[in-house]
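Each residue of the sequence shown is one higher than the one before, counting from 713 in my numbering. Just so it is clear, CB atoms sit at the ideal spot from N, CA and C, and this is done for glycine as well. All values reported here derive from a predicted model rather than from experimental measurement. Okay, structure first, notes after.
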Amino acid sequence: MSFKNILPGFFFITTLFACICPVTAEQEDQYLLSNNAYEAISAARELMDKNEYTQAESKLTGLLSTNISQYEESVANQTLGYVYIAMDKYSQATAAFIKSVESNALPDEVTHTINFIIAQLLANDDKHKESLIYLNAWFAKEANPKPEAHMMAATIYYRLEDYGNMISQTQKAIDKSQKPEQGWYEMLLAGFYETNDHKNAAALLEKMIKLYPGKDIYWLQLAATYQILKQYKQSLAIYELALRKNILGEPEIIQLVQLYLNEEIPLKAARLLSDEIDRGKVSRSVDNLELLANSWQLAREFGRTTEVLTEIARIKNDPGIYFRIGQVYFEQENWQNAIISLEQAIKDEKIIHIAEAWLLLGIAAYHNNDLSRSAKALNRAISYKNTREQAQWWLNKLGDRMNEKSS
């Protein structure tokens, strides 16, 4: 991309020659050129008008190799900087412009303009710290910087990870502009996120949604930001609006399900997740199925819970899942199915809840009048410290019952 597009408003080369005229005996001014310098720079300008930049470069470097005044050297380097920009030689342009201002020989207004150009050239070359030196010099003497200049500074500060100054400059650009660009708001939002200023991020997103209601990502960002702020009801409301707009992807749907669970609305969570899995909007992964099973269980929809858990067990071939299924049946006092599931679970002695599995199996068998199986299971449960006391209590109860039967 041509740098002329990056430096709008500063390529009026005629301004370079506003102070150029030959010296006369009557004129002795610090901003005048000798005849030799005037002719060389004028010739370079004419060559530039013809797009003959190599010849213009040669003319100016030739002049610089002669014995000329500081002012003439500065003007020649200034002109050479524009030549190099036209040739897309930006590093050389930067060096020439820096030389042109180093001696402080140019008029203040010209130096002021060149400082801004140098700042942009250095920023374009990823030399952001050096760029700020010239940009801050420009700001110091610019009575009313335009919003675009503040955004240039904001971008440089962002590259330097100086988010405080980035936020300040972006805010100035927005405040000064009658119609700020959408990207400026996004830059400010990035600054708030980088500094963990989620309160201001939420307020800004609310404004951005009003300005750009069709920008789906803003709705999702606002919902997520409310969650970070622990404003769960507001987050839930935004997610529900986004759901109606059909802009939620799988991660956001899962977030909404979790919010329903946090707000103790498990039935809504389960129905939403089940519907979105059936629609294919949410994958039928084990993690999502486990979340669905938990949601149905919290909603006390035990039939649906066991359906989902059985599907998980088939996918994972994990005896631990059968323990959960057994728990659900146990809670329903469905003793026969609890026994079947718990028998599957105890096939692997390494499952995490092996002690509880033996205990529940013993109790379920007791209630199902399978006293022999109950005794066997409870005697296994008594060998574990965390179930010993309960297992002993049920064994005593089982012994009393068996004595009653034998009498």
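In three-state DSSP terms, what is P734? Position 22 of the sequence shown, counting from 1, holds the residue named residue 734. Reliability fails at P734, whose pLDDT of 46 lies under 50, so the model's placement of it is uncertain and the value that follows must be treated cautiously. Residue state, collapsed to three classes: strand.
One question on the structure: do V994 and L985 come within less than 8 Å of each other, judged by their Cβ atoms? Reading the sequence shown from its first residue, position 282 is the one you call residue 994. Reading the sequence shown from its first residue, position 273 is the one you call residue 985. Yes, they are a contact pair.
Helix, strand or coil: which one does DSSP assign to L745? Indexing the sequence shown from 1 puts residue 745 at position 33. It is a strand residue.
Between the alpha carbons of T736 and G793, how many angstroms are there, rounded? On the sequence shown, residue 736 is found 24 positions in, with the first residue counted as 1. On the sequence shown, residue 793 is found 81 positions in, with the first residue counted as 1. Unreliable positioning characterises T736 in this predicted model, as indicated by a pLDDT of 42, which lies under 50. The coordinate reading is nonetheless provided below. About 28 Å.
Roughly how many whole angstroms lie between the Cα atoms of H840 and Y875? What you label residue 840 is simply residue 128 of the sequence shown in a count that begins at 1. What you label residue 875 is simply residue 163 of the sequence shown in a count that begins at 1. Computed Cα separation, rounded: 14 Å.
Decide if P963 is buried, meaning its Cβ has at least 16 other Cβ atoms within 10 Å, or exposed. Here residue 963 is taken as the residue at index 251 of the sequence shown, counted from 1. Counting Cβ neighbours within 10 Å, P963 comes out exposed, since fewer than 16 surround it.
May I ask you to report which of helix, strand or coil DSSP gives E1116? Counted from its first residue, the sequence shown places residue 1116 at position 404. DSSP places E1116 in helix when its eight states are reduced to three.
Complete runs of the alpha helix (DSSP H) confined to the region 843-919 [at least 4 residues]: 859-871, 875-888, 894-906
CB-CB length for M760 against V795, believed under 8 Å: As a working note, residue 760 is residue 48 in the sequence shown. As a working note, residue 795 is residue 83 in the sequence shown. About 6 Å separates the two Cβ atoms, so the contact holds.
Environment of A855 [buried if 16+ CB atoms lie within 10 Å]: Counted from its first residue, the sequence shown places residue 855 at position 143. Exposed, since its Cβ has fewer than 16 Cβ neighbours within 10 Å.
Nearest neighbour of Q790, chosen from I1066, L775, V813 [CA to CA]: The sequence position of residue 790 within the sequence shown is 78, counting from 1. Selected option, being the one with the closest Cα: V813.
On a CA-only basis, which of L973, T806, G1015 is nearest E1043? Give me that one, please. Within the sequence shown, the letter at position 331 stands for residue 1043. Checked all of L973, T806, G1015; the closest Cα to E1043 is G1015.
Can you confirm whether the region 1091-1103 touches the region 1068-1078 when touching is taken to mean that 3 or more C-beta pairs between the two stretches lie within less than 8 Å? yes
Segment limits, alpha helix (DSSP H) that includes R956: On the sequence shown, residue 956 is found 244 positions in, with the first residue counted as 1. Note, R956: alpha helix (DSSP H), 944-956.
By Cβ distance, which residues of its chain are closer than 8 Å to D928, with the 5 residues on each side in sequence left out? Here the question's residue 928 lines up with position 216 in the sequence shown. If we look at D928 and ignore the five residues flanking it on each side, its Cβ neighbours are A954, K957, I959.
When the Cα atoms are used, what is the spatial distance from S1054 to I940? As a position in the sequence shown, residue 1054 is number 342, starting the count at 1. As a position in the sequence shown, residue 940 is number 228, starting the count at 1. One detail in the question is off: residue 1054 reads as Leu in this sequence, not Ser. Near 41 Å, if we compare the C-alpha coordinates of I940 and L1054.
Top-ranked residue by Cα proximity to N987, from E976, F809, V969: For the purposes of this step, residue 987 is identified with residue 275 of the sequence shown, where counting begins at 1. The question names Asn, yet the displayed sequence has Asp at residue 987. Of the candidates E976, F809, V969, the one whose C-alpha sits nearest the C-alpha of D987 is V969.
DSSP state of G992 mapped onto helix, strand, coil: Position 280 of the sequence shown, counting from 1, holds the residue named residue 992. Reduced to three states, the DSSP call for G992 is coil.
Is L818 helix, strand or coil by DSSP? For the purposes of this step, residue 818 is taken as the residue at position 106 of the sequence shown. Correct three-state label for L818: coil.
Which residue comes first and which comes last in the alpha helix (DSSP H) that contains T1017? Within the sequence shown, numbered from 1, the residue matching residue 1017 stands at position 305. Unbroken alpha helix (DSSP H) run through T1017: 1014-1028.
Can you give me the C-alpha to C-alpha distance between M920 and N836, rounded to a whole angstrom? Here residue 920 corresponds to residue number 208 of the sequence shown, with the count starting at 1. Here residue 836 corresponds to residue number 124 of the sequence shown, with the count starting at 1. When rounded, the distance between both Cα atoms is 29 Å.
Of the residues H910, L917, K911, the one placed nearest Q894, counting alpha carbons only: The count along the sequence shown starts at 1 and reaches residue 894 at position 182. Comparing Cα-Cα distances from Q894 to each of H910, L917, K911, the minimum goes to L917.
Where the alpha helix (DSSP H) containing T773 begins and where it ends: Taking the first residue of the sequence shown as position 1, residue 773 is located at position 61. Its alpha helix (DSSP H) spans residues 765-776.
State whether the region 797-805 contacts the region 813-823, with contact taken as three or more CB pairs (one from each stretch) at a distance under 8 Å. no
For K771, count the other beta carbons within 10 Å of its own beta carbon; 16 or more makes it buried, fewer makes it exposed. Which is it? By one-based count along the sequence shown, residue 771 stands at place 59. When all chains shown are included, K771 counts as buried.
Please report the straight-line C-alpha distance between S1084 and I1051, rounded to a whole angstrom. The count along the sequence shown starts at 1 and reaches residue 1084 at position 372. The count along the sequence shown starts at 1 and reaches residue 1051 at position 339. Approximately 13 Å between the Cα atoms of the pair.
Chain-order list of residues whose beta-carbon lies under 7 Å from that of S880 (same chain, five-residue window excluded): Counted from its first residue, the sequence shown places residue 880 at position 168. Cβ neighbours of S880 beyond the five flanking positions: none.
Judging by CA-CA distance, which residue of A1087, H1079, T1022, I886 is the nearest neighbour of Q1056? For the purposes of this step, residue 1056 is taken as residue 344 along the sequence shown, with counting starting at 1. Checking every option, the nearest Cα to that of Q1056 belongs to T1022.
Consult DSSP for L923 and reduce its assignment to one of helix, strand or coil. Your numbering for residue 923 matches position 211 in the sequence shown. It is helical.
Classify R1036: buried if its beta carbon has 16 or more other beta carbons within 10 angstroms, exposed otherwise. The residue given as residue 1036 occupies position 324 in the sequence shown. That one is buried.
Neighbour-count burial assignment, E740, 16 or more Cβ in a 10 Å radius: Translated into the one-based positions of the sequence shown, residue 740 becomes position 28. Low confidence applies to E740: its pLDDT is 48, below 50, so where it sits in the model is not reliable, and the reading given next is rough at best. Under this definition E740 is an exposed residue.
Own chain partners of I1064 with C-beta closer than 8 Å, once the 5 adjacent residues on each side are dropped: Indexing the sequence shown from 1 puts residue 1064 at position 352. Closer than 8 Å at the Cβ level, and outside the excluded window around I1064, lie G1032.
Can you give the Cα-Cα distance for N848 and Y870, rounded to whole angstroms? Counted from its first residue, the sequence shown places residue 848 at position 136. Counted from its first residue, the sequence shown places residue 870 at position 158. Distance between the alpha carbons of N848 and Y870 is about 16 Å.
Cα-Cα separation, W931 to N912: Position 219 of the sequence shown, counted from the first residue, corresponds to residue 931. Position 200 of the sequence shown, counted from the first residue, corresponds to residue 912. The straight-line gap from Cα to Cα measures roughly 15 Å.
If we ignore side chains and look at the alpha-carbon of each, how far apart do A1103 and I989 end up? Within the sequence shown, numbered from 1, the residue matching residue 1103 stands at position 391. Within the sequence shown, numbered from 1, the residue matching residue 989 stands at position 277. Cα to Cα, A1103 sits roughly 41 Å from I989.
Considering only C-alpha positions, which residue in the set N1115, I1075, M1114, R1113 is nearest to T1099? Taking the sequence shown and counting its residues from 1, the one referred to as residue 1099 is at position 387. The candidate whose alpha carbon is nearest that of T1099 is I1075.
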